[in-house]
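**Student:**
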């Protein structure tokens, strides 16, 4: 019986070692898979962060460009307003000059008709 028990114990020990070896192999496969997935996730996170950084950089550049465009637009509007003011003043001056010329012409016509009337009498 002791011999049979020793044999059974030896068989149980071999079976146990075999099962432990299988479990260790499975654990190693799982560890490698986990390490690979972690590395893949880390690479994905890094790529996503880089894309976010690029997007925010582009947004910053767009905001700067928009500000520059706004300043340029305001500058152009100011120039156009100045030119319009010059034209308005010129127009007002010309209108006053024409009005004075018309008045002078009217006075000359009045004088001419008066002289004609005197000559006719």
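Residue numbers (this note's numbering): 167 to 287.
The beta-carbon is built from N, C-alpha and C at its ideal position, and this holds for glycine as well.
(1) I'd like the span of the alpha helix (DSSP H) that includes residue 224, first residue to last.
(2) Would you tell me roughly how many angstroms separate the C-alpha atoms of residue 248 and residue 225, rounded to the nearest one?
(3) Nearest-angstrom Cα distance between residue 250 and residue 271?
(4) So does residue 206 have its beta carbon nearer than 8 Å to some heavy atom of the ligand ZN?
**Tutor:** Let's see:
(1) For this step, residue 224 is matched to residue 58 along the chain shown. Taken as a continuous stretch (DSSP letters only), the alpha helix (DSSP H) holding residue 224 covers 168-286.
(2) Walking along the chain shown from the start, residue 248 turns up at place 82. Walking along the chain shown from the start, residue 225 turns up at place 59. One C-alpha to the other measures close to 34 Å.
(3) In the chain shown, the residue the question calls residue 250 occupies position 84. In the chain shown, the residue the question calls residue 271 occupies position 105. Approximately 30 Å, taken between the alpha carbons.
(4) With respect to small molecules bound, the structure shown includes none, and the ligand ZN cannot be examined in it.
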